[in-house]
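Participant: Supplied in structure tokens, the structure appears directly below.
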Amino acid sequence: DVKVTQSSRYLVKRTGEKVFLECVQDMDHENMFWYRQDPGLGLRLIYFSYDVKMKEKGDIPEGYSVSREKKERFSLILESASTNQTSMYLCASSSPPGPNTEAFFGQGTRLTVV
Amino acid sequence: DQQVKQNSPSLSVQEGRISILNCDYTNSMFDYFLWYKKYPAEGPTFLISISSIKDKNEDGRFTVFLNKSAKHLSLHIVPSQPGDSAVYFCAASRGSGNTGKLIFGQGTTLQVKP
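Here the protein sequences come in this chain order: A and B.
Per the working numbering, residue 1 is the first one in the first sequence, and the count goes up by one each step.
Per the working numbering, residue 115 is the first one in the second sequence, and the count goes up by one each step.
Here it is in structure tokens:
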């Protein structure tokens with residue numbers, strides 16, 4: 001059974017804190033992604049990684065950074081949390097592109113910045 | 115620039131009737147399309163996909179139609195069941211040079227009434 005696991009379901013952090021969101025996948029996938037979901041905006045890509053230590057910016061990378069030191073783990077870092085980063089954060093992984101490439105998602109982390 | 119658009123934020127149908135969810139895209143380079151279903155406080159789960167070489171794909175109660183000339187796809191659910199009530203996201207990816215990155219629409223909230 002494929003699995004993408006996010007370290008926390010719910011987080012409450014203070015403005016200015018450094019926040020780490022962790023994601024682990026057990027499918028040996030090359031690609032990993034971080035999205036955020038906001039009402040009316042759908043899922044927006046923050047960063048993705050296509051290999052260990054390799055990363056690319058998505059559509060909304062400002063205020064975020066990522067780390068991928070091992071193939072199975074992809075971390076999202078909020079350098080200095082702000083209230084506009086209150087959101088649902090979703091991690092996903094996928095195999096290299098092919099006819100049936102699909103992304104598998106974790107359960108999500110609901111982050112509230114106060 | 116929203117490359118994948120779901121213009122209907124919500125849809126309500128009666129149990130047993132057909133649900134039709136629509137999605138438009140602007141990038142003609144997209145060649146693989148997916149539908150995901152999301153319940154509150156859970157990550158999206160893959161539902162059905164279609165390659166651009168096809169115009170229809172069916173899986174049980176779910177059928178996806180692709181109209182490449184109109185850059186439009188739709189998801190049909192027949193018959194609709196109360197358990198289908200969720201947010202549905204369409205997503206697209208690009209084959210050539212594709213890193214497996216998925217671009218999502220804004221989502222449509224489906225409510226199936228008993």
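Using N, Cα and C, we set each Cβ at its ideal position, and we do this for glycine too.
1) Three-state secondary structure (DSSP) at Gly-16 (chain A)?
2) Less than 9 angstroms separating the beta-carbons of Leu-216 (chain B) and Cys-137 (chain B)?
3) Step through the CB atoms of chain A and report whether any lies within less than 9 angstroms of the CB of Thr-140 (chain B).
4) If you follow the beta strand (DSSP E) that Lys-170 (chain B) is part of, which residue opens it and which one closes it?
5) Looking at chain A, is there any beta carbon in it that lies within less than 9 angstroms of the beta carbon of Ser-207 (chain B)?
6) Of all Cβ atoms in chain A, is any one closer than 9 angstroms to the Cβ of Ser-122 (chain B)?
7) Check whether the stretch 179 to 187 of chain B touches the stretch 131 to 149 of chain B, taking contact to mean three or more Cβ pairs, one atom from each stretch, closer than 8 angstroms.
8) Between the Cα of Tyr-89 (chain A) and those of B:Pro-154, B:Gln-128, B:Gln-116, B:Ser-122, spot the shortest distance and give me the residue it belongs to.
9) What is the DSSP secondary structure of Lys-5 (chain A), counted as helix, strand or coil?
10) Which residues in the same chain have their Cβ closer than 7 angstroms to the Cβ of Gln-107 (chain A), if we skip the five residues on either side of it in sequence?
11) When burial is assigned at 16 or more other CB atoms within 10 Å of the CB, is Ser-49 (chain A) buried or exposed?
12) With distances taken between CB atoms, is the gap from Gly-22 (chain A) to Arg-68 (chain A) smaller than 9 angstroms?
13) Give the straight-line distance between the Cα atoms of Lys-168 (chain B) and Lys-57 (chain A), rounded to the nearest whole angstrom.
Facilitator: Let me lay it out:
1) coil
2) For the pair Leu-216 (chain B) and Cys-137 (chain B), the CB atoms are not nearer than the 9 angstroms cut-off.
3) no
4) 170 to 173
5) yes
6) Not an interface residue.
7) For the pair of segments examined, the stretch 179 to 187 of chain B was found to touch the stretch 131 to 149 of chain B: the number of CB pairs separated by less than 8 angstroms reaches three.
8) B:Pro-154
9) The sequence shown places Thr at residue 5 (chain A), rather than the Lys named in the question. Thr-5 (chain A): strand per DSSP, three-state reduction.
10) Gln-6, Arg-9
11) buried
12) The residue you asked about is not Gly; residue 22 (chain A) is Glu in the sequence shown. Not a contact, by the Cβ cut-off of 9 angstroms.
13) 31 angstroms
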